[in-house]
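Undergrad:
Residue numbers (my numbering): -4 to 509.
Written out as structure tokens, the structure is:
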């Protein structure tokens, strides 16, 4: 028995929030002959809504649509029973208190510095929203939505744990494993009643997913770091928990790569669809490959004008284009690490520390919360940038098993310094922020539609599938047979930019050399 009486739509994509029946669609063969659950436009929109909801915990619409038994995991704490529609003042007050505490768990706090130190030896920063949707005929969907990098700077420690264990990115895998460890504590009592069961936990749902004709499907999603953690979670469910691929389905957005070149399985065999904006830099870094099928979108100028909020005027446009060209060689994990490390060196050597501090804030909005905390420990912006440079150099070695070439590092630093001198620090800072951050968003933005929302809402006909595999020590990303690949290369050359999958398609060696 469900509570739905009318259609409730998501505030971002306007999708029917109860339209999850397609999770039970039987597998079909894709263009490469693999039998996988089909890509469903409404499920992509629903997962975009779920992924965005992990940032603000605005879940009331989901409750109105019939979702129940909501639990939010923030680091080592579980905020459970944030459940559906309330009919009593006491229940409403109790839920309000729990939601306030849950939202407080993702806000910046003075203790974040100590937690950041802890993340050097342990990864327990995972933030996950999970709930259930009872359907007809004794079926139910259990959604597990991973949050991306928050304003808490120590989330970046997880991103930087790039060494591979068992072929998977260490940081993302540790976040996914934390959910497995909490699975027995995450309960869905209302969904259990709808299924005629005495109880239903996430552990029970995982065990059901290992059985043919399971009445429960797991729908896994996430944005950015959350998308990478979602892939790692699906991998653990299949490789360690025995879950069947037909009982799982994932949709990720702006996800970094998660699998290394030594990954033993077939990345393309996973029931995950990764929506990727080719302008976005985040999906270019992490490890080497994504699990599942990439659904790539190559933006045009109309899309950028509608979604990015870029500054107007010829000077801003020129600075932005120069930054895009400077970053054009950052196409995979080694080249992105090398490029950002070179930029850090340039900023560290600037004569005016204030310029470095402003540019540090532009590189990622969340890092600016680190500066006051580190200042209390006697560290300047240059110290922070120097620390980041050293961590990037270590990350490069952990990923490639080689040292970052000093000449290459210096060349990037000189190029950054030249561009700073040419366009000025303010224009440079603004352009770096616009080029790196604007294509990445999924949460609601004042005055514009977030790019990943626009893609799933209006651009799904332009998505083209790509799959990953390792060959001859290289990460390869192949387009659908007979598709648009050559045309996209022409577009990239005309614009002077290098979209993600176009350059990941097979010309980079393990250390990034052509």
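We treat Cβ as the ideally placed atom computed from N, Cα and C, and that holds for glycine.
1. Please check the pair residue 286 and residue 267, which I expect to be a contact at CB under 8 Å, by giving their CB distance rounded to whole angstroms.
2. According to DSSP, which residues form a beta bridge with residue 140?
3. Buried or exposed for residue 2, going by 16 or more other Cβ atoms inside 10 Å?
4. Leaving out five residues before and five after residue 27 in sequence, what residues of the same chain have Cβ atoms less than 7 Å from its Cβ?
5. Around the C-beta of residue 416, are 16 or more other C-beta atoms found within 10 angstroms, so that it is buried, or is it exposed?
6. Taking residue 217 and residue 46 to be in contact with their CB atoms under 8 Å, please state how far apart those CB atoms are, rounded to whole angstroms.
7. Per the contact definition of three or more C-beta pairs closer than 8 Å, is the region 155 to 171 in contact with the region 215 to 230?
8. My output table needs one value for residue 472: the three-state DSSP class, helix, strand or coil.
9. Beta-carbon within less than 6 Å of residue 57's beta-carbon, same chain only, minus the 5 sequence neighbours each way: which residues are those?
10. Where does residue 435 sit, in a helix, a strand or coil, going by DSSP?
11. Measure the beta-carbon distance from residue 435 to residue 249 and round it to whole angstroms, keeping in mind my assumption that it falls under 8 Å.
12. From residue 458 to residue 448, what distance separates their C-alpha atoms?
13. Rank 390, 383, 212 and 453 by C-alpha distance to the C-alpha of residue 280 and give the top, closest one.
14. Give the secondary structure of residue 498 by DSSP, where H, G and I count as helix, E and B as strand, and everything else as coil.
15. Are the region 199 to 211 and the region 307 to 315 touching, with three or more C-beta to C-beta distances below 8 Å?
16. Below 8 Å on the Cβ atoms is my guess for residue 10 versus residue 41; work out the distance and round it to an integer in Å.
17. Report yes if the CB atom of residue 265 is closer than 9 Å to the CB atom of residue 230, and no otherwise.
18. Can you check whether the CB of residue 214 is closer than 9 Å to the CB of residue 136?
19. If you compare alpha carbons, which of 255, 245, 261 and 257 is closest to residue 269?
20. Identify the residues that DSSP records as bridge partners of residue 246: which are they?
21. As a quick exercise: from 431, 380 and 219, pick the residue whose alpha carbon is nearest that of residue 331.
22. Can you tell me which of the three DSSP states residue 258 falls into?
23. Work out the CA separation of residue 442 and residue 211 for me, nearest whole Å.
24. Decide yes or no for the touch test of the region 342 to 351 against the region 293 to 309: beta carbon pairs closer than 8 Å, at least 3 of them.
25. For residue 247, which option in 321, 22, 395 and 39 has the closest C-alpha, if you only look at C-alpha atoms?
26. If distances are taken between C-alpha atoms only, which option among 55, 35 and 258 comes closest to residue 4?
27. Please confirm whether residue 186 and residue 127 have their CB atoms less than 9 Å apart.
28. Residue 333 and residue 404 look like a contact to me (Cβ under 8 Å); what is the Cβ gap, rounded to whole Å?
TA: On the basis of the data shown:
1. Yes, they are in contact, since the Cβ atoms of residue 286 and residue 267 sit about 6 Å apart, within 8 Å.
2. The partner list for residue 140 (beta bridge, DSSP) reads 124 and 216.
3. Of the residues assessed, residue 2 falls on the exposed side of the cut-off, its CB having fewer than 16 other CB atoms within 10 angstroms.
4. Same-chain partners within the cutoff: 263 and 462.
5. Here residue 416 is exposed. Its C-beta has fewer than 16 other C-beta atoms within 10 Å.
6. Contact flag correct, Cβ pair sits at about 6 Å.
7. Segments in contact, yes.
8. Note: residue 472 maps to strand in three-state DSSP.
9. Around residue 57: 12.
10. DSSP places residue 435 in the helix class (H, G or I) of the three-state scheme.
11. Between residue 249 and residue 435 the Cβ distance is about 5 Å, and since that is below 8 Å, they are a contact.
12. C-alpha separation (whole angstroms): 13 Å.
13. Nearest neighbour of residue 280 by Cα position, chosen from 390, 383, 212 and 453, turns out to be 390.
14. With a pLDDT of only 32 at residue 498, under the threshold of 50, the placement of this residue in the model should not be trusted; the figure read from the coordinates follows. Note: residue 498 maps to helix in three-state DSSP.
15. A contact between stretches requires three or more CB pairs, one per stretch, nearer than 8 Å, and the region 199 to 211 fails this requirement with the region 307 to 315.
16. Right, their Cβ atoms sit about 5 Å apart.
17. Yes; because the gap between Cβ atoms is below 9 Å, this pair is in contact.
18. In terms of Cβ geometry, residue 136 and residue 214 form a close pair [threshold 9 Å].
19. Nearest neighbour of residue 269 by Cα position, chosen from 255, 245, 261 and 257, turns out to be 245.
20. DSSP, once it has assigned bridges, lists 216 and 268 as partnering residue 246.
21. Check the Cα spacing between residue 331 and each of 431, 380 and 219: the tightest is with 431.
22. Of the three classes helix, strand and coil, the one that applies to residue 258 here is coil, per DSSP.
23. Residue 211 and residue 442: Cα-Cα distance of roughly 39 Å.
24. At 8 Å Cβ cutoff, the stretches do not touch.
25. With distances taken between Cα atoms, residue 247 lies closest to 39.
26. Ranking 55, 35 and 258 by CA distance to the CA of residue 4 puts 55 first.
27. Residue 186 places its beta carbon less than 9 Å from that of residue 127.
28. Confirmed, about 7 Å.
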